[in-house]
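A.B. asks: One structure is given below, represented as structure tokens, and several questions about it will come after.
Residue numbers (our numbering), protein chains in the order written: chain A, 1 to 274; chain B, 275 to 506.
In structure tokens form, the structure reads like this:
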């Protein structure tokens, strides 16, 4: 059943409110919902909540034989299917428009941007490399699942530790986490995604981190993914320049928050380094 | 106050037994066993003082239609004689074009796709699509049903809607004391509100979401503080 579009009173009210720069949940137009990060029992398990939108990310690693055309690099695959658990608007099996956008964006942000150093995932050239699998579960959709998924994904990759391997000649020894402390992944930079919603009325300013109703009624969406230093991928729309500055500032803040949370969680875990 | 799970049998005996929401009477085939009462929801089992009325009290967000309940729906399709209305149930409900006060074949209401209506569920069975009517059952007059223009719809849990309909609940009188407002409460988890200014409507919507037990269950003091901070 296709989701019914919002009713006329809801539409008119939202446009009237946005014209006065008032948002329904009381946020400022360029205010982001503070993300809450919860780390799980395993390394590489993290749930990110942006208000009521929740996404769960898990990282798993296994050793495989690399394809012959790329013998020196590891592999990363991202699985992100939106199930009806997120909202009754999504169906199993048939990828909705939102799901296609989210999958493509996550692919560009996490894989093609070379956030993870793939060559460091190589164990024995041509024979054994690490295959990282990032699985994203969309638990609840209250608007802007894309940003939430990006945060969850990159934090999971930062949180994950792979087992240490020793290569002597042609012999590969994998040490279990109980023998030797697992090793973090080599991450070049931490990208974050910011989504802005635009409306057809020229006087209405764009808003950051739209809620579900704001997203449904928007005329256009612009998602910018960048890290604390540079820009990665931009979906073109109007009035871009001022927003890029806003996104740069927010990326710095978010970077600080993520580092603090990972540090806090790391201090709670008992790790023996021999 | 016992807690029951769906499928549990309940011992409710009375001469004039009336079963409320959440309880179902199953008649078994054997003649001597009689019929058993089972609960269909998870919640607290409650009964009236003289033990003639029994029901299960629970909270959820998904609406299951029941007859005689007032709901708020959005028109999704216009068919020849009727309208298809979304009331949040698994299937869309049907609202007949003649189910309005003073409607004749020549004079039917002109509801556009996307308009909101306040209607009463006239027929609801578990295997059929629900049917709605826009007039009171006994008087056949509008009595507040019909199209809702302007304003905004707030979503909340079903228990919150039941509380808002209770005249002893604090929220609507408290808000009404600060500024004039209109509200139509639907039993399907939707509340339509209207006030003069956008700021006031946003304040009402945030208060309803704050007082809802899903959003934290704020009390009178908290709501007063929230309203002061919003300056409404």
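Just so it is clear, CB atoms sit at the ideal spot from N, CA and C, and this is done for glycine as well. Keep in mind the model is a prediction, meaning the values are calculated, not measured.
1) Can you name, in chain order, every residue of its own chain whose Cβ lies under 7 angstroms from the Cβ of residue 444 of chain B, other than the five neighbours on each side?
2) Could you tell me the alpha carbon to alpha carbon distance between residue 182 of chain A and residue 258 of chain A, rounded to whole angstroms?
3) Under a three-way DSSP split, which group does residue 347 of chain B fall into?
4) Is it buried or exposed for residue 290 of chain B, if we count other Cβ within 10 angstroms and need 16 for buried?
5) If you run the structure through DSSP and keep just helix, strand and coil, what is residue 189 of chain A?
6) State yes or no: is the beta carbon of residue 264 of chain A nearer than 8 angstroms to at least one beta carbon in chain B?
7) When DSSP labels each residue in this structure, what does residue 423 of chain B get in the three-state scheme?
8) Return no unless some Cβ of chain B is closer than 8 angstroms to the Cβ of residue 207 of chain A.
9) Report the three-state DSSP secondary structure of residue 75 of chain A (helix, strand or coil).
10) Please list, in chain order, the chain B residues whose beta carbon lies closer than 8 angstroms to that of residue 26 of chain A.
11) Express the C-alpha separation of residue 427 of chain B and residue 292 of chain A in angstroms, rounding to a whole number.
12) For the segment 166-191 of chain A, enumerate the residues whose C-beta is nearer than 8 angstroms to any C-beta of chain B, in chain order.
13) Taking the alpha helix (DSSP H) that residue 497 of chain B falls in, what are its first and last residues?
14) My parser needs the alpha helix (DSSP H) runs of 4 or more residues fully inside the segment 124-191 of chain A; what are they?
15) Does residue 197 of chain A come out as helix, strand or coil in the three-state DSSP assignment?
16) Tell me the rounded alpha-carbon separation between residue 459 of chain B and residue 15 of chain A.
17) Taking 8 angstroms as the CB-CB limit, is residue 17 of chain A close to chain B?
18) According to the neighbour-count rule (16 or more other Cβ atoms, all chains shown, within 10 Å of its Cβ), is residue 66 of chain A buried or exposed?
19) Below 8 angstroms on C-beta distance, what does residue 360 of chain B contact in chain A?
20) Starting from residue 322 of chain B, trace the alpha helix (DSSP H) in both directions and tell me its first and last residue.
21) Can you tell me whether residue 380 of chain B is helix, strand or coil according to DSSP?
22) Quick one: is residue 64 of chain A buried, meaning 16 or more other Cβ sit within 10 Å of its Cβ, or exposed?
23) Can you tell me whether residue 55 of chain A is helix, strand or coil according to DSSP?
24) What residue does the alpha helix (DSSP H) around residue 15 of chain A start on, and which one ends it?
25) With a threshold of 7 angstroms on Cβ separation, who are the neighbours of residue 325 of chain B within its own chain once the five nearest residues in sequence on each side are excluded?
26) Check whether chain B comes within 8 angstroms of residue 221 of chain A, counting only Cβ atoms and requiring the distance to be less than that.
27) Give the secondary structure of residue 450 of chain B by DSSP, where H, G and I count as helix, E and B as strand, and everything else as coil.
28) Would you say residue 84 of chain A reaches chain B, if we count a Cβ-Cβ gap shorter than 8 angstroms as a contact?
29) So, under 8 angstroms CB-CB, residue 31 of chain A and residue 208 of chain A are touching, yes? Tell me the CB distance rounded to an integer number of Å.
30) Hey, residue 106 of chain A and residue 149 of chain A are a contact pair by Cβ (cut 8 angstroms); roughly how many whole angstroms apart?
31) Is the Cβ of residue 498 of chain B closer than 8 angstroms to any Cβ of chain A?
C.D. replies: Let me spell this out:
1) Indexing the second chain from 1 puts residue 444 of chain B at position 170. 494.
2) Within the first chain, residue 182 of chain A is the residue found at index 182, counting from 1. Within the first chain, residue 258 of chain A is the residue found at index 258, counting from 1. Between residue 182 of chain A and residue 258 of chain A, the C-alpha separation is close to 21 angstroms.
3) One-based indexing of the second chain puts residue 347 of chain B at position 73. Strand.
4) Taking the second chain and counting its residues from 1, the one referred to as residue 290 of chain B is at position 16. Exposed, by the Cβ-count rule.
5) Here the question's residue 189 of chain A lines up with position 189 in the first chain. In this structure, residue 189 of chain A counts as coil in the three-state DSSP scheme.
6) As a working mapping, residue 264 of chain A is identified with position 264 in the first chain. No - not a single Cβ of chain B is within 8 angstroms of the one on residue 264 of chain A.
7) In the second chain, the residue the question calls residue 423 of chain B occupies position 149. It is coil, neither helix nor strand.
8) Indexing the first chain from 1 puts residue 207 of chain A at position 207. Not an interface residue.
9) For the purposes of this step, residue 75 of chain A is taken as residue 75 along the first chain, with counting starting at 1. Residue state, collapsed to three classes: strand.
10) Along the first chain, one-based indexing puts residue 26 of chain A at 26. In chain order: 476, 480, 504.
11) It is not possible to answer for residue 292 of chain A, since the shown part of chain A is limited to 1 through 274.
12) Flagged: no residues at all.
13) Numbered from 1 along the second chain, position 223 holds the residue referred to as residue 497 of chain B. Here the alpha helix (DSSP H) through residue 497 of chain B covers 494-504.
14) 145-159
15) The residue labelled residue 197 of chain A in the question sits at position 197 within the first chain. In this structure, residue 197 of chain A counts as strand in the three-state DSSP scheme.
16) Within the second chain, numbered from 1, the residue matching residue 459 of chain B stands at position 185. Within the first chain, numbered from 1, the residue matching residue 15 of chain A stands at position 15. For residue 459 of chain B and residue 15 of chain A, the distance between alpha carbons rounds to 23 angstroms.
17) To locate residue 17 of chain A, count along the first chain from 1; it is residue 17. Taking Cβ atoms only, chain B reaches closer than 8 angstroms to residue 17 of chain A, which makes this a yes.
18) As a working mapping, residue 66 of chain A is identified with position 66 in the first chain. Its Cβ being crowded by 16 or more others within 10 Å, residue 66 of chain A is buried.
19) As a position in the second chain, residue 360 of chain B is number 86, starting the count at 1. Those are 4, listed as they occur along chain A.
20) Residue 322 of chain B sits at position 48 when you count from the first residue of the second chain. Here residue 322 of chain B belongs to no alpha helix (DSSP H), and DSSP marks it neither H nor E.
21) To locate residue 380 of chain B, count along the second chain from 1; it is residue 106. In this structure, DSSP gives residue 380 of chain B a state outside helix and strand, which the three-state scheme calls coil.
22) Position 64 of the first chain, counting from 1, holds the residue named residue 64 of chain A. It counts as exposed.
23) Here residue 55 of chain A refers to the residue found at position 55 when the first chain is read from its first residue. Correct three-state label for residue 55 of chain A: strand.
24) Stepping through the first chain from its first residue, residue 15 of chain A is reached at position 15. From DSSP, the alpha helix (DSSP H) with residue 15 of chain A extends over 8-19.
25) Your numbering for residue 325 of chain B matches position 51 in the second chain. A distance below 7 angstroms between beta-carbons, with the five flanking residues on each side excluded, links residue 325 of chain B to the following residues of its chain, in chain order: 288.
26) Sequence index remark: in the first chain, residue 221 of chain A carries index 221 (1-based). It does not: the Cβ of residue 221 of chain A has no partner Cβ on chain B nearer than 8 angstroms.
27) In the second chain, the residue the question calls residue 450 of chain B occupies position 176. Reduced to three states, the DSSP call for residue 450 of chain B is helix.
28) As a first step, residue 84 of chain A is located in the first chain; it is residue number 84 there, counting from the start. No, no contact with chain B.
29) Taking the first chain and counting its residues from 1, one reaches residue 31 of chain A at position 31. Taking the first chain and counting its residues from 1, one reaches residue 208 of chain A at position 208. At roughly 7 angstroms, the Cβ-Cβ gap stays under 8 angstroms, so residue 31 of chain A and residue 208 of chain A are in contact.
30) Here residue 106 of chain A refers to the residue found at position 106 when the first chain is read from its first residue. Here residue 149 of chain A refers to the residue found at position 149 when the first chain is read from its first residue. With 8 angstroms as the limit, residue 106 of chain A and residue 149 of chain A qualify as a contact, their Cβ atoms being about 6 angstroms apart.
31) As a position in the second chain, residue 498 of chain B is number 224, starting the count at 1. False, the Cβ-Cβ gap to chain A never drops below 8 angstroms.
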